[in-house]
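Sequence order for the protein chains is C and A. Numbering follows the working numbering, with no gaps: position 147 of the first sequence is 474. Numbering follows the working numbering, with no gaps: position 63 of the second sequence is 390. All residues carry an ideal CB built from backbone N, CA and C; glycine is no exception. Note that the structure is a prediction, hence the values are computed from the model and not measured. In what follows, a structure is listed as structure tokens, so that the remarks can point back to it.
Number of protein chains: 2
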Amino acid sequence: MNTKFQTIPDIIVARLPRYLRALSILRQKGETTNSKELGTFLGYSAAQIRKDLSQFGEFGKQGTGYNIDFLTEQINNILNLAREWKMILVGCGNIGHAILNYSGFSANGFHVVAAVDSDENLIGKVINDQITIQSINNVEQIIRNHQISIAMLTVPASVAQETAEELIKYGIKGILTYAPIILSLPSDIRVEYIDPVISLQHITYYLN
Amino acid sequence: MNTKFQTIPDIIVARLPRYLRALSILRQKGETTNSKELGTFLGYSAAQIRKDLSQFGEFGKQGTGYNIDFLTEQINNILNLAREWKMILVGCGNIGHAILNYSGFSANGFHVVAAVDSDENLIGKVINDQITIQSINNVEQIIRNHQISIAMLTVPASVAQETAEELIKYGIKGILTYAPIILSLPSDIRVEYIDPVISLQHITYYLN
DNA sequence: ACGTGTGAATTTCTTCACAGCC
DNA sequence: GGCTGTGAAGAAATTCACACGT
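The structure is reproduced here in structure tokens:
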């Protein structure tokens, strides 16, 4: 194992959040698990689980397996989740509203601390008794004041690229976008796409 | 190329919907494209684009590249998109509501023909002047009557597994689930996950 | 006896590089 | 000249299999 001088393949990093999901469920049934159980649960091989984790350290015990709380803590550390993250929601249409009403983010340490939109009619609206939609004109000030590094982008596809570029200017480093468009951004910006149509089109290949 | 006796790696299938997204944008600028342009646009190598497409046929012309309309049609055929797909929405909370109000599905040939929920207070509610939320008790009848094979699952995590199992009994073959839980289902059922927390946790690995 | 961590073997995926056609 | 389609080469990911610690 070596976390300092080796860069971890992204394909492994991508699996770590799934490990967390699995661990939180397995925790309900016991204090320990092992690579076989975890693998069966997630649909991966036991060897792959062990190989993945060994990239970051020696988290298991021979003969016993993994202590779930300990492994969870380690993966949280690896993914920089041992802290709270502030996010800004950019675009407050249908999806934006659903996001503001969704409790799953804050339950996992991700807090939407501001929401902006360009639609005058939405500005000032209070969602979920918690957050007030602000003008997108304030976005620079909001991002800088709160030191926000993650944005959720739920604007129309037609303005997604330019909006993303603006956010980056103000210090955003990671973007979770729901716009059905491929963003062209500097390589140091992390972008994740949520595009249900792409997921559906993937499914239909296997149907008939 | 051989589409009959070779099974195509899923990693290639997964890229095809992205090609469609790219093609629809490139189409606005011209009638043809080539592997280099497409690759640059998507962040893949030109060789990979050619290799991927060659799995399914010879869609390009030497010296010219690919006719965008033709290539789009071919990929649509490969992904079984040259038809309309009916879907049922199971769970009409926040995310369910956002889905019902989202036009991106029907614009791509995916039609939500029914929506069900277990909450008595929601039943009978009309969304978007189009669809009436029905009782989940009717789900079998709805799926069978409409011959629906795709479900969008937006129920709470605690009931996602059992709900999915029920849907499969009635003939559902593909599930797009928003529940933050790993479903354990027969291998002939196609499942795609949309889990924004997993996406965020992937992003944070690269931030600090 | 159980189950990890890990080199080695294997399989899969990506890129190279070029013949061949437009 | 430009660009595809594709074997061959190379790189990456996965699985094997086992020594070793508990």
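The segment 355-380 of chain C: positions lying closer than 7 Å to chain A by Cβ: F368, L369
Using 10 angstroms around the beta-carbon of D379 of chain C, count the other beta-carbons present and answer buried if the total reaches 16, otherwise exposed. On the first sequence, residue 379 of chain C is found 52 positions in, with the first residue counted as 1. With 16 or more other Cβ atoms within 10 Å, it is buried.
Where S500 of chain A sits in the DSSP three-state scheme: On the second sequence, residue 500 of chain A is found 173 positions in, with the first residue counted as 1. It is worth fixing the name first, because residue 500 of chain A is Lys in this sequence and not Ser. Coil, per DSSP.
Please check if any C-beta of chain C sits within less than 8 Å of the C-beta of T334 of chain A. Residue numbering aside, residue 334 of chain A sits at position 7 when the second sequence is read from its first letter. False, the Cβ-Cβ gap to chain C never drops below 8 Å.
Quick check: is the beta carbon of T531 of chain C nearer than 8 Å to any beta carbon in chain A? Taking the first sequence and counting its residues from 1, one reaches residue 531 of chain C at position 204. It does; some Cβ of chain A falls within 8 Å.
A425 of chain C and I422 of chain A closer than 8 Å at C-beta: Position 98 of the first sequence, counted from the first residue, corresponds to residue 425 of chain C. Position 95 of the second sequence, counted from the first residue, corresponds to residue 422 of chain A. In contact: A425 of chain C and I422 of chain A (Cβ atoms closer than 8 Å).
Is any beta-carbon of chain C found at less than 8 Å from that of H473 of chain A? The residue given as residue 473 of chain A occupies position 146 in the second sequence. No, its Cβ sits nowhere closer than 8 Å to a Cβ of chain C.
Which residues in chain A have a C-beta closer than 9 Å to the C-beta of L534 of chain C? List them in chain order. To locate residue 534 of chain C, count along the first sequence from 1; it is residue 207. N407, W412, S476, I477, K500, G501, R517, listed in chain order.
Might you give, ordered along the chain, the residues of its own chain that have their beta carbon closer than 7 Å to the beta carbon of N361 of chain A, omitting 5 neighbours on each side? Looking up residue 361 of chain A in the second sequence gives position 34. Contacts found: G392, Y393.
Just the Cα atoms here: how many angstroms apart are H473 of chain C and K413 of chain C? As a first step, residue 473 of chain C is located in the first sequence; it is residue number 146 there, counting from the start. As a first step, residue 413 of chain C is located in the first sequence; it is residue number 86 there, counting from the start. Cα-Cα distance, rounded: 8 Å.
Interface residues of chain A around E349 of chain C at Cβ under 8 Å? Position 22 of the first sequence, counting from 1, holds the residue named residue 349 of chain C. Sequence inspection shows Ala at residue 349 of chain C; the Glu mentioned does not correspond to that position. Per Cβ cutoff of 8 Å: I509.
Please tell me whether I339 of chain C and Q382 of chain C are closer than 8 Å, where the distance is taken between their beta carbons. Here residue 339 of chain C corresponds to residue number 12 of the first sequence, with the count starting at 1. Here residue 382 of chain C corresponds to residue number 55 of the first sequence, with the count starting at 1. A contact, by the Cβ cut-off of 8 Å.
Taking the alpha-carbon positions, what's the D522 of chain A to G431 of chain A distance? In the second sequence, the residue the question calls residue 522 of chain A occupies position 195. In the second sequence, the residue the question calls residue 431 of chain A occupies position 104. Whole-angstrom Cα-Cα distance: 19 Å.
If you count every other CB in all the chains shown that lies within 10 Å of the CB of A349 of chain C, and 16 or more means buried, which is it? Locating residue 349 of chain C in the first sequence gives position 22, where the first residue counts as 1. Buried is the call here.
Which bits of chain A does F432 of chain C rub up against, with CB to CB less than 7 Å? One-based indexing of the first sequence puts residue 432 of chain C at position 105. Simply V524.
Would you be able to state if there are at least three C-beta pairs under 8 Å between the segment 468-484 of chain A and the segment 429-444 of chain A? yes
Short CB-CB distance (under 8 Å) between H424 of chain A and chain C: If you number the second sequence from 1, residue 424 of chain A lands on position 97. Interface residue, yes.
Who are the near neighbours of L449 of chain A in its chain, counting only those whose CB is closer than 7 Å to its CB and skipping five residues on each side? One-based indexing of the second sequence puts residue 449 of chain A at position 122. Excluding sequence neighbours, L449 of chain A sits near C419, I460.
Please classify I454 of chain C: does DSSP put it in a helix, a strand, or coil? What you label residue 454 of chain C is simply residue 127 of the first sequence in a count that begins at 1. Three-state result, I454 of chain C: strand.
Return the Cβ separation of L416 of chain A and L408 of chain A in integer angstroms, given the expectation that the two are a contact with Cβ distance under 8 Å. As a working note, residue 416 of chain A is residue 89 in the second sequence. As a working note, residue 408 of chain A is residue 81 in the second sequence. Not quite, the Cβ-Cβ distance comes to about 20 Å (not below 8 Å), so this is no contact.
Consider the Cβ of L527 of chain C: report whether some Cβ of chain A lies at a distance smaller than 8 Å. As a first step, residue 527 of chain C is located in the first sequence; it is residue number 200 there, counting from the start. Answer yes: the Cβ-Cβ gap between L527 of chain C and chain A drops below 8 Å somewhere.
Within chain A, the residues that P344 of chain C reaches when beta carbons sit closer than 7 Å: Taking the first residue of the first sequence as 1, we reach residue 344 of chain C at position 17. Near P344 of chain C (Cβ distances below 7 Å), the residues of chain A are I525, Q528, H529.
Please classify Y532 of chain C: does DSSP put it in a helix, a strand, or coil? Here residue 532 of chain C is taken as the residue at index 205 of the first sequence, counted from 1. The answer is coil: DSSP assigns Y532 of chain C none of H, G, I, E or B.
What three-state label does DSSP hand L343 of chain C in the structure shown? Position 16 of the first sequence, counted from the start, is the residue given in the question as residue 343 of chain C. In the structure shown, L343 of chain C sits in a helix (DSSP, three-state: H, G or I).
Element boundaries [alpha helix (DSSP H), containing A374 of chain C]: Here residue 374 of chain C is taken as the residue at index 47 of the first sequence, counted from 1. Looking at the DSSP string, the run of the alpha helix (DSSP H) that includes A374 of chain C is 373-381.
On the criterion of 16 or more Cβ atoms from any shown chain inside 10 Å, does T334 of chain A qualify as buried, or is it exposed? Looking up residue 334 of chain A in the second sequence gives position 7. Exposed is the call here.
Closest by CA to S372 of chain A, which one among A:Y346, A:V440, A:I352, A:T359? Along the second sequence, read from residue 1 onward, the residue named residue 372 of chain A stands at position 45. Nearest of A:Y346, A:V440, A:I352, A:T359 to S372 of chain A, Cα basis: A:Y346.
Taking Cβ-Cβ distances shorter than 7 Å, what residues in chain A pair up with A341 of chain C? For the purposes of this step, residue 341 of chain C is taken as the residue at position 14 of the first sequence. Residues of chain A passing the Cβ test: H529.
Answer yes or no: do G501 of chain A and L534 of chain C have a C-beta to C-beta separation smaller than 8 Å? To locate residue 501 of chain A, count along the second sequence from 1; it is residue 174. To locate residue 534 of chain C, count along the first sequence from 1; it is residue 207. Going by C-beta atoms, G501 of chain A is nearer than 8 Å to L534 of chain C.
Unbroken alpha helix (DSSP H) run spanning G471 of chain A, endpoints: For the purposes of this step, residue 471 of chain A is taken as residue 144 along the second sequence, with counting starting at 1. Rather than Gly, the amino acid found at residue 471 of chain A in this sequence is Arg. Note, R471 of chain A: alpha helix (DSSP H), 466-473.
Any chain A beta carbon closer than 8 Å to T330 of chain C: Working through the first sequence from its first residue, we reach residue 330 of chain C at position 3. Residue placement at T330 of chain C is flagged as unreliable, the pLDDT there being 47, under the threshold of 50; the coordinate-derived value follows with that caveat. Answer no: the Cβ-Cβ gap between T330 of chain C and chain A never drops below 8 Å.
Give the secondary structure of R517 of chain A by DSSP, where H, G and I count as helix, E and B as strand, and everything else as coil. Here the question's residue 517 of chain A lines up with position 190 in the second sequence. In the structure shown, R517 of chain A sits in a strand (DSSP, three-state: E or B).
N- and C-terminal bounds of the alpha helix (DSSP H) containing G420 of chain C: For this step, residue 420 of chain C is matched to residue 93 along the first sequence. Segment: none, G420 of chain C is in no alpha helix (DSSP H) and carries neither H nor E.
Is it the case that the Cβ atoms of I508 of chain C and Q488 of chain C are separated by a distance below 8 Å? Position 181 of the first sequence holds residue 508 of chain C. Position 161 of the first sequence holds residue 488 of chain C. It is a contact, given that the beta carbons lie within the stated cut-off.
Rounded straight-line distance, which links the Cα of D456 of chain A to that of I352 of chain A: Here residue 352 of chain A refers to the residue found at position 25 of the second sequence. Here residue 456 of chain A refers to the residue found at position 129 of the second sequence. Rounded to whole angstroms, I352 of chain A to D456 of chain A spans 31 Å at the Cα level.
Helix, strand or coil for T279 of chain A per DSSP? Since the first residue shown for chain A is 328 and the last is 535, residue 279 of chain A is missing from the structure and cannot be characterised.
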